[in-house]
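One structure below.
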Amino acid sequence: MSTLTALVVDDEPALVKALSINLRARHWEVITAADGAGALEAVAKRRIDVVVLDLGLPDLDGIQVIEGIRGWSKVPIIVLSARHDSDEKVAALDAGADDYVTKPFGMDELLARLRAMVRRAQPSADGDDSPLIEAGSLIIDLSRKKVSRDGIDVRLTPTEWHLLEVLVRNRGRLVSPQQLLGEVWGPGYRTETNYLRVYSAQLRRKLEHDPSHPKHLITEPGMGYRFEL
Numbered sequence: 001m002s003t004l005t006a007l008v009v010d011d012e013p014a015l016v017k018a019l020s021i022n023l024r025a026r027h028w029e030v031i032t033a034a035d036g037a038g039a040l041e042a043v044a045k046r047r048i049d050v051v052v053l054d055l056g057l058p059d060l061d062g063i064q065v066i067e068g069i070r071g072w073s074k075v076p077i078i079v080l081s082a083r084h085d086s087d088e089k090v091a092a093l094d095a096g097a098d099d100y101v102t103k104p105f106g107m108d109e110l111l112a113r114l115r116a117m118v119r120r121a122q123p124s125a126d127g128d129d130s131p132l133i134e135a136g137s138l139i140i141d142l143s144r145k146k147v148s149r150d151g152i153d154v155r156l157t158p159t160e161w162h163l164l165e166v167l168v169r170n171r172g173r174l175v176s177p178q179q180l181l182g183e184v185w186g187p188g189y190r191t192e193t194n195y196l197r198v199y200s201a202q203l204r205r206k207l208e209h210d211p212s213h214p215k216h217l218i219t220e221p222g223m224g225y226r227f228e229l
């Protein structure tokens with residue numbers, strides 16, 4: 001059986017040390033990060049089986065880290081936090097966390113939850129967990145939420161980026177207008193198809209060399225939208 005790798009993200013050295021000792025004693029490989037930027041970099045560069053994440057980080061809020069990871073990866077994320085407010089828990093789970101444990105916690109319980117999450121995690125069938133997507137002259141960085149064309153950064157609005165992100169995550173597959181509207185604008189906008197026409201046109205103007213004959217941002221009339229490499 002191959003060794004599993006855990007990424008522990010926390011700025012409390014004593015807690016990081018305790019977790020590392022306990023995980024290594026159970027034959028885990030442990031990588032640590034003291035801030036959000038380090039966590040995103042680690043997930044981008046290494047194969048990680050589970051992320052143990054504190055929400056109170058010195059640079060980024062833990063919710064932002066979860067959202068950044070979820071831009072390209074399905075790695076299980078368990079949140080450790082001193083925040084007991086139910087709204088915080090809901091926000092973390094909605095952002096993509098798989099479990100939430102409040103501090104202080106029992107080490108045996110935490111390790112049991114880690115094992116359960118790893119068992120439930122489904123490995124990527126196509127090995128496609130890279131945050132960098134290349135499509136012709138486009139380089140899309142799902143980790144840093146940036147896109148460049150011909151080596152020049154392209155400035156996207158938050159809504160344009162969110163629409164592109166959903167399409168890129170589902171690249172090669174047709175995404176229905178209802179799914180796109182629900183994910184980008186929310187459940188109350190599932191009939192506002194004019195939003196998609198406007199924003200997809202804006203994306204083509206910014207990302208396609210010939211917006212009238214797009215190679216990457218494809219519309220299937222009456223069916224949906226698709227991103228092609």
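Reading the sequence shown from the start, the letters are residues 1 to 229 in full-length UniProt numbering. From the three backbone atoms N, C-alpha and C, an ideal C-beta is built for every residue, glycine too.
Neighbourhood of residue i by C-beta, 6 angstroms cutoff - its chain only, sequence neighbours within 5 removed
{"i": "D153", "result": "none"}
{"i": "L114", "result": "V50"}
{"i": "D35", "result": "L57, P58, D59"}
{"i": "R204", "result": "P211, P214, L217"}
{"i": "D99", "result": "I78, R113"}
{"i": "I69", "result": "V43"}
{"i": "P123", "result": "Per-residue confidence for P123 stands at a pLDDT of 49, beneath the threshold of 50, marking its modelled position as unreliable; no derived number is given."}
{"i": "R120", "result": "none"}
Alpha helix (DSSP H) segment containing residue i, residue limits
{"i": "R46", "result": "R46 -> no alpha helix (DSSP H), and no H or E assigned at all."}
{"i": "K17", "result": "13-25"}
{"i": "K89", "result": "86-95"}
{"i": "G182", "result": "177-184"}
Residue i, buried or exposed, once every other Cβ within 10 Å from all chains shown has been counted against 16
{"i": "A125", "result": "Unreliable positioning characterises A125 in this predicted model, as indicated by a pLDDT of 38, which lies under 50. The coordinate reading is nonetheless provided below. It counts as exposed."}
{"i": "A33", "result": "buried"}
{"i": "V90", "result": "exposed"}
{"i": "V43", "result": "buried"}
{"i": "V9", "result": "buried"}
{"i": "M1", "result": "The predicted model places M1 with a pLDDT of 49, which falls under 50 and marks its position as unreliable, so this point remains unresolved."}
{"i": "A95", "result": "buried"}
{"i": "N194", "result": "exposed"}
Neighbourhood of residue i by C-beta distance below 7 angstroms, restricted to the same chain and skipping five residues each side
{"i": "K103", "result": "L80, S81, A82"}
{"i": "G224", "result": "L174, V175, S176, P177"}
Best match in the options for proximity to residue i [C-alpha to C-alpha]
{"i": "A37", "options": "G62, L23, W161", "result": "G62"}
{"i": "L23", "options": "K45, I77, V52", "result": "V52"}
{"i": "S148", "options": "I133, P158, T159", "result": "I133"}
{"i": "W28", "options": "V65, R171, L7, M107", "result": "L7"}
{"i": "A135", "options": "R26, V65, L229", "result": "L229"}
{"i": "G106", "options": "V75, D85, L15, L196", "result": "L15"}
Contact under 8 angstroms by Cβ, residue i with residue j
{"i": "L40", "j": "S143", "result": "yes"}
{"i": "R171", "j": "G182", "result": "no"}
Own chain partners of residue i with C-beta closer than 8 angstroms, once the 5 adjacent residues on each side are dropped
{"i": "L167", "result": "V175, L180, L217, Y225, R226, F227"}
{"i": "G127", "result": "Its pLDDT being 46, under 50, G127 is placed unreliably by the model, and the measurement read from it follows with that caveat. The answer is none, since no qualifying residue turns up."}
{"i": "G71", "result": "P131, L142, S143, K145, E165, R169"}
{"i": "residue 249", "result": "No statement about residue 249 is possible, as the shown extent of the chain runs from 1 to 229 and does not include it."}
Residue i - containing beta strand (DSSP E), residue span
{"i": "K146", "result": "146-149"}
{"i": "T102", "result": "99-102"}
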